[in-house]
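In what follows, a structure is listed as structure tokens, so that the remarks can point back to it.
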């Protein structure tokens, strides 16, 4: 069975500092990896998916199959980045998303 | 032009009551989902329907019964509510069962007292 681990429940950084939200997964096949973000009392929104290899709001994430990781990075955090971030995995041919436990990011002024 | 909409957004009810949460998507998607976010913010899938057919049914108490009258709607009915049912319930949809981006509704905050 697939599993997603986000080791940090809470992460606090200062504005302008680099930020990295860790995500590790376990799955024997080739998964699709996603990052979703949930701003305070709002819906989950897709931030990134690994197959797109894009940068959204300054965030990037690289799938490292050797380390089974999909860490989310931003070189200069902004206060508006404060939110709950979920890493999620989906089997290539599957439908359900398996979420990590989430990391609450707080960017302090 | 809300893509996935849920009602009600907030619901406070007493133990033992029966309640429903409605969900509608106007994206023309074939697949819809219900996810539960508990007090620790942990998200877990409950159900998934593809073209009105149940395709995912996680280990959820029988008190929870999804109903899909058509592929644009997936309602969640909960019988005999318990304190532990207090959570945020998110409806979501995607183009296909194995398909693209999953879009979420704004969530329904259920509080059982």
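Chains as they are written, first to last, in this note's numbering: chain A, 17 to 125; chain B, 560 to 672. Just so you know, even glycine gets a beta-carbon here, dropped at the ideal spot from N, CA and C. Small disclaimer: the values here were computed from a predicted structure and weren't measured.
- Against chain A, the CB of residue 664 of chain B has a partner CB under 9 Å away; the residue lies at that interface.
- Per DSSP, the continuous beta strand (DSSP E) segment holding residue 604 of chain B begins and ends at 602-609.
- Contact annotation for residue 661 of chain B against chain A: 113 [CB-CB distance below 7 Å, chain order].
- Close to residue 649 of chain B, with beta-carbon spacing below 9 Å, are these residues of chain A in chain order: 59, 60.
- Boundaries cannot be given for residue 86 of chain A, as no beta strand (DSSP E) includes it and DSSP labels it neither H nor E.
- Judged by beta-carbon spacing, residue 595 of chain B lies beyond the 9 Å limit of residue 663 of chain B, meaning their Cβ atoms are not closer than that value.
- For residue 54 of chain A, the enclosing beta strand (DSSP E) begins and ends at 47-54.
- Between residue 625 of chain B and residue 606 of chain B, the CB-CB gap stays under 9 Å.
- In the pairwise beta carbon analysis, the region 581-595 of chain B is classified as not touching the region 23-42 of chain A: fewer than three pairs are separated by under 8 Å.
- Three or more beta-carbon pairs separated by less than 8 Å link the region 22-36 of chain A to the region 78-97 of chain A, which places the two stretches in contact.
- Neighbours of residue 70 of chain A in chain B, taken as residues at a C-beta separation under 9 Å, are lacking, since the least C-beta distance is about 13 Å.
- Per DSSP, the continuous beta strand (DSSP E) segment holding residue 124 of chain A begins and ends at 119-124.
- Classified as exposed, residue 26 of chain A has fewer than 16 neighbouring CB atoms from the shown chains inside 10 Å of its CB.
- Contact note: residue 24 of chain A does not reach chain B at a C-beta cutoff of 8 Å; the least C-beta distance is about 13 Å.
- Counting C-beta pairs closer than 8 Å gives three or more between the region 567-576 of chain B and the region 630-646 of chain B, which meets the contact rule.
- Residue contact with chain B for residue 65 of chain A: present (Cβ-Cβ distance below 9 Å to some residue of chain B).
- Burial is judged here by how many other beta carbons sit within 10 angstroms of a residue's own beta carbon; residue 70 of chain A has fewer than 16 and is exposed.
- Considering only beta carbons, the part of the region 595-610 of chain B lying closer than 9 Å to chain A consists of 596, 599, 600, 601, 602, 603, 604, 607, 609, in chain order.
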